[in-house]
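Below you'll find the structure, written out as structure tokens, and then a few comments.
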């Protein structure tokens, strides 16, 4: 192959591989990818958690959700579920919806379609075994949807959904009030809120800020006559 052809071809392949990740950009979410972003019922806010199940962070968050009378959708990592299956079973027993976040939490910047399909299938099977039914939802780690992951999710019958609001609860120094203040401008009807029940890929003990923010978020929803619950109740349009 002539000099210069291979680098150009490789660059084109990587560009195509990363093209779907544009749906993560706020303007694209609002204008062209509303279904993937997670816009749904204008009277409802979808509450979602990533990166668990975590034996330290998930149980206190489950207790807090019980006290608030709220259910949520938990996007599970296969590797975390393998380490904490009892916590996963507790999620299901308490009536929460479980979804797929992949097997590992890593950026998939280089094309690897066979690996993407293999790992996503493994994670989907683990969540299916846990819940007794196939999951509906997939969220890629970091919200970076590549061509390989998009194709794998489609082949496995998963609907990809990102988020329209977050609390930056993964950051060092986050507190309950800071998480709520960050999310509040975007906590409007139809929003999908991203939080975390694990510090596996976040600052140590960051889940405590999430825990402290939950009563503030629930109060906000009550004050604005919005229901708070899982994606299964969010009426995200089908593509």
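Numbering (the numbering used here), first residue to last: 8 to 246. Every residue, glycine too, gets a C-beta built ideally from N, C-alpha and C.
Identify which residue in 173, 174 and 144 has its Cα closest to the Cα of residue 163.
144
Could you check the C-alpha separation between residue 96 and residue 117 for me, to the nearest Å?
34 Å
Using a 10 Å radius around the Cβ and a threshold of 16 neighbouring Cβ atoms, would you call residue 140 buried or exposed?
Exposed.
Which of the three DSSP states is assigned to residue 140 in this structure?
coil
Determine the direct distance from the alpha carbon of residue 189 to that of residue 59, and round the result to whole angstroms.
Answer to the nearest angstrom: the Cα atoms are 22 Å apart.
In the DSSP output, what is residue 166 paired with across the bridge?
144
Report the rounded CA-to-CA distance for residue 223 versus residue 212, giving the unit in angstroms.
19 Å
Among 152, 133 and 73, which residue has its Cα nearest to the Cα of residue 89?
133
Could you check whether residue 43 and residue 167 sit closer than 8 Å to each other, using their CB atoms as the reference points?
yes
Residue 191: which of 179, 175 and 205 sits nearest, CA to CA?
175
8 Å contact criterion, which residue 56 and residue 204 should meet: CB distance rounded:
4 Å
Just confirm the distance between the C-beta atoms of residue 85 and residue 109, as a whole number of angstroms; I'd bet it's less than 8 Å.
About 7 Å separates the beta carbons of residue 85 and residue 109, which is inside the 8 Å limit, making them a contact pair.
Let me know the secondary structure DSSP gives residue 43 once reduced to three states.
helix
Assigned secondary structure, residue 178 (DSSP; H/G/I helix, E/B strand, else coil):
Three-state DSSP puts residue 178 in coil, outside helix and strand.
Is the beta carbon of residue 208 closer than 8 Å to that of residue 68?
Not a contact, by the Cβ cut-off of 8 Å.
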